[in-house]
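In the working numbering, the protein residues as written are 54 to 429.
Right, here's the structure in full:
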């Protein structure tokens, strides 16, 4: 049985100035430093693209450093899968991300990733001191050659290229639209594919925008009208939208229609099973009406099990904690897709690249491919 490290995730999120304050950040980092000392854990600090997230991350770094914690800093906005990969590679024991995940722009927060044993909580207990004026805020940016800085982008890009058939995509003529929703995944798909291939990955909404165009940075239908129109009117092969934290994905076929979570799971599971001979369970949300009919037919023809779970995220986590190979594909209602053979958590950039690989492999647009699988 293949065991993988199971991470605990703690969250503190609040509205700017009302709940998310400098004192709140200081107190939680001060308290966190005590637990890190107890376990002799090092910590990696980074952030997303939210308003002043970089400044708060530098502040959190200095608070932990002032308490004697062994701490590293990543100055670029970083998707969660890249942070988790760094922990898997033992570049730090824990990670603290200044992020409110995919909540609206008026929120910010802290996300703590640790080993599950005696995980610290991001709560401020009574009696903690207010922010230390000696640390100051905002702090200046790091110097480029500061030894405390760590690069998470290059290792993550390397892992992405190793997980997919990049050369197949590069030698196939495709047009793909990518919407990173002004978040941390901006630039990753074009960078993974490189500049000299036949496939063109055209990004929209790639600029850093702390307001996320004034909409929640979650790839739901209401926020993807521009992407769908571009895909439809340009007759391109597909479009993908990635949430601000890099974990959730939505895909538009060549007609501009969005795939349901069931269609997305079916397409990916069928491809991994037939092209890569992968096996395992497919976990999806409980289906209403006839939404899961194609998956049930595929279950009978493939011989693999499809589970319709009331809480897909919990079921996926349970499978991964025991044997990663027992999970083929897992997806939540929010479009967070986990591929058991590739990682322990949802990775929307990887899934987006895999969808591009599927289209490149068969030389077809996305909707005909999906229709073919659904007729099984």
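Note that CB positions come from ideal geometry on N, CA and C, so glycine has one too.
All values reported here derive from a predicted model rather than from experimental measurement.
DSSP state of residue 57 mapped onto helix, strand, coil: Annotation note: pLDDT 43 at residue 57 (below 50); position unreliable, no value reported.
Nearest to residue 405 (by Cα), restricted to the options 333, 329, 274, 219: Here the closest residue by C-alpha is 219.
Where the alpha helix (DSSP H) containing residue 83 begins and where it ends: Boundaries of the alpha helix (DSSP H) harbouring residue 83: 75-92, taken from the DSSP string.
Where the beta strand (DSSP E) containing residue 417 begins and where it ends: Neither: residue 417 is in no beta strand (DSSP E) and is coded neither H nor E.
Those runs of the alpha helix (DSSP H) which lie wholly inside the stretch 327-391 and span at least 4 residues: Listed in chain order, they are 346-355, 365-375.
Through-space distance from residue 136 to residue 55, alpha-carbon basis: A caution first: residue 55 carries a pLDDT of 37, below 50, which makes its placement in the model unreliable, though a value can still be read off. Cα-Cα distance, rounded: 22 Å.
Residue 304 - partner residues in DSSP beta bridges: According to DSSP, which records beta bridges pairwise, residue 304 is partnered with 293.
CA nearest to the CA of residue 179, picked from 165, 76, 256: The shortest Cα separation from residue 179 among 165, 76, 256 belongs to 76.
Per-residue DSSP class, three states only, for residue 103: For residue 103, the three-state secondary structure derived from DSSP is coil.
Residue 201 (DSSP reduced to helix, strand or coil): If DSSP states are grouped into helix, strand and coil, residue 201 belongs with coil.
As assigned by DSSP and simplified to three states, the class of residue 243: In the three-state DSSP reduction, residue 243 falls in the helix class (H, G or I).
Residue 251 to residue 302 span [Cα, whole Å]: Residue 251 and residue 302 have their C-alpha atoms some 24 Å from each other.
Per-residue burial, residue 80 [other beta carbons within 10 Å of its own, 16 or more giving buried]: Within a 10 Å sphere around the beta-carbon of residue 80 sit 16 or more other beta-carbons, which makes this residue buried.
Boundaries (first-last residue) of the beta strand (DSSP E) holding residue 255: Run containing residue 255: 253-256, per the beta strand (DSSP E) assignment.
CB contact flag (residue 192, residue 85, <9 Å): For the 9 Å CB-CB criterion, residue 192 and residue 85 do not form a contact.
Residue 168 - containing beta strand (DSSP E), residue span: First-last of the beta strand (DSSP E) with residue 168: 160-168.
Own chain residues within Cβ distance below 8 Å of residue 422, not counting five before or after: Excluding positions up to five away in sequence, the list reads 320, 411, 412, 415.
Closest residue to residue 91 among 400, 120, 376 (Cα-Cα distance): For the residues 400, 120, 376, the minimum Cα distance to residue 91 belongs to 120.
Residue 188 - DSSP class collapsed to helix/strand/coil: When secondary structure is reduced to three states using DSSP, residue 188 falls in the coil class, being assigned neither helix nor strand.
Residue 249 vs residue 223 beta-carbon contact at 9 Å: In this structure, residue 249 places its C-beta atom within 9 Å of the C-beta atom of residue 223.
Test item: CB-CB of residue 409 and residue 293 under 9 Å: In this structure, residue 409 sits near residue 293, with a CB-CB distance shorter than 9 Å.
Residue 96 beta carbon less than 9 Å from that of residue 145: Yes. Within cutoff.
Under the three-state DSSP convention, the category residue 298 falls into: In this structure, residue 298 counts as coil in the three-state DSSP scheme.
Counterpart residues of residue 286 in DSSP-defined beta bridges: In DSSP, residue 286 forms no bridge with anything.
Beta-carbon separation (whole angstroms), residue 203 vs residue 112, contact threshold 8 Å: The Cβ separation is near 18 Å, so there is no contact.
Assigned secondary structure, residue 126 (DSSP; H/G/I helix, E/B strand, else coil): For residue 126, the secondary structure class from DSSP, reduced to helix, strand or coil, is strand.
Where the beta strand (DSSP E) containing residue 230 begins and where it ends: Bounds of the beta strand (DSSP E) holding residue 230 are 228-232.
Close Cβ partners of residue 314 (< 8 Å) along its chain, the five nearest in sequence each way excluded: Here residue 314 has 337, 338, 384, 385, 386, 388 as same chain residues with Cβ atoms under 8 Å from its own Cβ, once five neighbours each way along the sequence are excluded.
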